[in-house]
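Position one of the sequence shown corresponds to residue 149 (the numbering used here), numbered consecutively onward.
Heads up, the beta-carbon is just placed ideally off N, CA and C, and yes, glycines get one too.
Report on the structure given below.
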Amino acid sequence: MARKKDQKKTRKHTGHKRRVRNTFILLFLLSLCGAGGAVIYYFFLSGAGTELPLAFEVSGQFPGRENIADKQIQDGFAKDLCVSAEGDVPLEGVSQDPSQYGGLFDLEGRKILYGQKLYEKLYPASITKIMTAIIALKNGDLSDMVTVSQEALILEEGSQLCGFRAGDQLTLEQLLQGLLIYSGNDAAAAIAEHVGGTQENFVQMMNEEVARLGMSNTHFTNPHGLQDTEHYTSVYDIYLMLNEAIHYPKFVEILQMSAFTVQYQNTLGQANSIYLESTDHYLNGEATEPKGVTVLGGKTGTTDEAGNCLALVSQNAYGKTFISIVTNAIDKPILYEQMNQMLEHINS
Numbered sequence: 149m150a151r152k153k154d155q156k157k158t159r160k161h162t163g164h165k166r167r168v169r170n171t172f173i174l175l176f177l178l179s180l181c182g183a184g185g186a187v188i189y190y191f192f193l194s195g196a197g198t199e200l201p202l203a204f205e206v207s208g209q210f211p212g213r214e215n216i217a218d219k220q221i222q223d224g225f226a227k228d229l230c231v232s233a234e235g236d237v238p239l240e241g242v243s244q245d246p247s248q249y250g251g252l253f254d255l256e257g258r259k260i261l262y263g264q265k266l267y268e269k270l271y272p273a274s275i276t277k278i279m280t281a282i283i284a285l286k287n288g289d290l291s292d293m294v295t296v297s298q299e300a301l302i303l304e305e306g307s308q309l310c311g312f313r314a315g316d317q318l319t320l321e322q323l324l325q326g327l328l329i330y331s332g333n334d335a336a337a338a339i340a341e342h343v344g345g346t347q348e349n350f351v352q353m354m355n356e357e358v359a360r361l362g363m364s365n366t367h368f369t370n371p372h373g374l375q376d377t378e379h380y381t382s383v384y385d386i387y388l389m390l391n392e393a394i395h396y397p398k399f400v401e402i403l404q405m406s407a408f409t410v411q412y413q414n415t416l417g418q419a420n421s422i423y424l425e426s427t428d429h430y431l432n433g434e435a436t437e438p439k440g441v442t443v444l445g446g447k448t449g450t451t452d453e454a455g456n457c458l459a460l461v462s463q464n465a466y467g468k469t470f471i472s473i474v475t476n477a478i479d480k481p482i483l484y485e486q487m488n489q490m491l492e493h494i495n496s
């Protein structure tokens with residue numbers, strides 16, 4: 149009798165262990181099903197089965213420049229940009245003096261077609277004004293009425309000036325026209341004071357935008373580009389800056405204007421007007437682009453230290469957009485000859 153009780157007790161204990169084991173097995177199977185479902189959802193419902201763009205790493209793209217903090221560059225920064233790990237990218241038929249800097253960028257193909265000293269420091273002269281326009285368009289109201297101050301007119305002798313006087317009143321849009329079409333340094337200073345409160349604050353805003361765009365070889369000290377050893381950029385950074393600027397419709401609109409007449413009130417409240425012509429020789433008729441090329445416009449710059457400079461936006465016969473840059477040319481004829489050497493290739 150005792151033996152039967154022990155057998156019954158053993159069977160009961162064994163049954164309990166079996167139920168516990170089966171419960172664990174069931175829970176394990178359910179967890180596998182859940183994990184499998186998550187994988188299926190991830191790959192087939194979330195679209196994550198496709199290859200994602202890699203985050204931009206400066207150290208990988210530009211050997212020898214590992215000192216740049218990758219964490220300062222936004223994830224996926226380069227997925228829509230032209231990038232090259234090479235310092236120079238030759239192109240048949242394009243020739244620059246060794247002291248010069250240049251680049252040709254295919255925006256839609258995301259390719260650098262030509263490059264000489266792409267990442268080396270250079271002085272930008274008035275190409276700086278592209279950044280001045282970006283900051284104004286991002287932070288200002290084009291209809292704002294701006295009064296030109298005396299401080300905005302304190303510029304070095306020989307500066308390119310629209311001819312404004314202290315007390316003149318213009319809209320921010322009119323100042324942008326003077327900035328980009330005629331390259332007026334007085335327009336740049338007036339914009340900086342209005343948008344930034346002071347020129348110093350505006351320059352800080354410029355350098356913050358420099359960091360945002362990943363312009364790692366650039367530092368600005370003024371809004372106009374007058375010579376300063378601490379005011380510098382590179383060909384590649386000019387490309388980044390101009391590529392950003394053409395996302396603003398007003399920038400592109402002004403860039404294409406060959407001339408304009410600005411009408412405004414002077415300090416006495418009297419109506420005044422000034423006619424100003426583009427400094428871009430393609431737009432003012434002094435230079436002719438190659439057949440099949442449409443020059444939308446560009447930003448010029450000239451100082452003794454920077455030489456003759458031009459950053460240009462063009463389209464080929466198929467409507468594709470390109471940015472081309474030449475700096476430190478010894479004179480205007482060579483500048484436009486070298487630019488045409490690049491533009492000859494955008495239809496090939």
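Nearest CA to the CA of residue 330: which residue from 312, 343, 419 and 341? What you label residue 330 is simply residue 182 of the sequence shown in a count that begins at 1. Comparing Cα positions, the closest option is 312.
Rounded to the nearest angstrom, how far is the Cβ of residue 404 from that of residue 444, given a contact under 8 Å? Taking the sequence shown and counting its residues from 1, the one referred to as residue 404 is at position 256. Taking the sequence shown and counting its residues from 1, the one referred to as residue 444 is at position 296. Going by Cβ atoms, the distance from residue 404 to residue 444 rounds to 5 Å, so yes, they are a contact pair.
Residues bridged to residue 270 (per DSSP): Translated into positions along the sequence shown, residue 270 becomes position 122. The beta-bridge partner set that DSSP reports for residue 270 consists of 381.
With DSSP run on the structure shown, which of helix, strand or coil describes residue 363? In the sequence shown, counting from the first residue as 1, residue 363 sits at position 215. DSSP places residue 363 in coil when its eight states are reduced to three.
Do the CB positions of residue 380 and residue 366 come within less than 8 Å of each other? For the purposes of this step, residue 380 is taken as residue 232 along the sequence shown, with counting starting at 1. For the purposes of this step, residue 366 is taken as residue 218 along the sequence shown, with counting starting at 1. In this structure, residue 366 lies closer than 8 Å to residue 380 by Cβ.
Between the C-alpha atoms of residue 343 and residue 240, what's the straight-line distance to the nearest angstrom? Taking the sequence shown and counting its residues from 1, the one referred to as residue 343 is at position 195. Taking the sequence shown and counting its residues from 1, the one referred to as residue 240 is at position 92. So the two alpha carbons sit approximately 45 Å from each other.
Segments of 4+ residues assigned as alpha helix (DSSP H) that fall wholly inside the segment 407-444: Listed in chain order, the complete alpha helix (DSSP H) runs (minimum 4 residues) inside the segment 407-444 are 429-432.
If you scan the segment 300-384 from start to end, which runs of the beta strand (DSSP E) of 3 or more residues do you find wholly inside it? Every beta strand (DSSP E) stretch that sits fully inside the segment 300-384 and reaches 3 residues is listed by chain position as 317-319.
Chain-order list of residues whose beta-carbon lies under 7 Å from that of residue 332 (same chain, five-residue window excluded): Here residue 332 is taken as the residue at index 184 of the sequence shown, counted from 1. The residues are 308, 309, 310 and 326.
What do you get for residue 412, buried or exposed, if any count of 16 or more other CB atoms within 10 angstroms of its CB means buried? One-based indexing of the sequence shown puts residue 412 at position 264. With 16 or more other Cβ atoms within 10 Å, it is buried.
Give the straight-line distance between the Cα atoms of residue 209 and residue 283, rounded to the nearest whole angstrom. The count along the sequence shown starts at 1 and reaches residue 209 at position 61. The count along the sequence shown starts at 1 and reaches residue 283 at position 135. Low per-residue confidence applies at residue 209: pLDDT is 35, beneath 50, and the placement is therefore not dependable enough to give any value.
Excluding the five sequence neighbours on either side, which residues of its own chain have a C-beta within less than 7 Å of the C-beta of residue 435, listed in chain order? The count along the sequence shown starts at 1 and reaches residue 435 at position 287. Only 429 and 484 meet the Cβ criterion.
At the level of alpha carbons, what is the spacing between residue 486 and residue 415? Locating residue 486 in the sequence shown gives position 338, counting from the first residue. Locating residue 415 in the sequence shown gives position 267, counting from the first residue. Cα to Cα, the separation comes out at about 44 Å.
When DSSP labels each residue in this structure, what does residue 482 get in the three-state scheme? Within the sequence shown, numbered from 1, the residue matching residue 482 stands at position 334. Residue state, collapsed to three classes: helix.
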